[in-house]
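In my numbering, the protein residues as written are 3 to 114.
Have a look at this one:
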């Protein structure tokens, strides 16, 4: 039976095996990382991942990997990646300086 848009199936231990496979588990992001913060702002703006990916010129898969921390944040010291940060800031209506600072902090964290 299909669910209405506002209904979400949650995993519970008493579910049958088939229902457990189809249940959605809540996605949690690390909000101190670049990708986690981008995901949080994107969700607050109610923007789907596909739309943001189209606006910044990335694939949905790449954006998902950046948001989950599997790929590094764009490096603001490289002009091409700085242009990507500008596109992200524009698409999310977010201050570019805050985004650059977060990306730099993320670069430093990856070194250590």
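We put the CB at the ideal spot given by N, CA and C, even for glycine.
From the options, pick the residue whose C-alpha is nearest to that of residue i; which is it?
i           : options          : result
residue 58  : 93, 104, 105, 68 : 93
residue 108 : 43, 54, 73       : 73
residue 79  : 67, 42, 110, 69  : 110
Reducing DSSP to helix, strand and coil, say where residue i ends up.
i          : result
residue 45 : helix
residue 37 : helix
residue 89 : helix
Going by other Cβ atoms of all chains shown within 10 Å of its Cβ, with 16 needed for buried, is residue i buried or exposed?
i           : result
residue 40  : buried
residue 114 : Unreliable positioning characterises residue 114 in this predicted model, as indicated by a pLDDT of 47, which lies under 50. The coordinate reading is nonetheless provided below. Classification for residue 114: exposed.
residue 75  : buried
residue 46  : exposed
Just reading off the alpha helix (DSSP H) that residue i is part of, what are its end residues?
i          : result
residue 64 : 62-70
residue 75 : Neither: residue 75 is in no alpha helix (DSSP H) and is coded neither H nor E.
residue 56 : 51-58
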